[in-house]
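Peer 1:
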Amino acid sequence: MITAVTERLRQPAMIFTRFYPFVRISMSNIRFMIKTNIYHCQTLEKCSGTLRGRMHNY
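To convert, take the position in the sequence shown, counting from 1, and add 43; that gives the numbering used here.
#1: Whole angstroms is fine: what's the gap from residue 101's alpha carbon to residue 60's?
#2: From residue 68 to residue 80, what does the alpha carbon distance come to, in whole angstroms?
#3: Alpha carbon to alpha carbon, what distance is there between residue 62 and residue 45?
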């Protein structure tokens, strides 16, 4: 009985640990893309006022 419960709990944990690095990498990629988009917007000097206010949130 206890072993069945532990097996049932272990499987989602295995899946989570297997996919967690991919989730972390994708999160950092999204953050990097946001930063590069802000940088490109600043270099083009488009919507610079709103981006300057938004930069403090990061």
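Where is the CB? At the ideal position from N, CA and C, for every residue including glycine.
Peer 2: To lay it out plainly:
#1: Here residue 101 scores only 46 on pLDDT, less than 50, and its place in the model should not be relied on; the value that follows carries that caveat. Straight-line spacing of the CA atoms in residue 101 and residue 60 works out to 28 Å.
#2: Taking the straight line from one Cα to the other gives about 18 Å.
#3: The alpha-carbon atoms of residue 45 and residue 62 are separated by roughly 26 Å.
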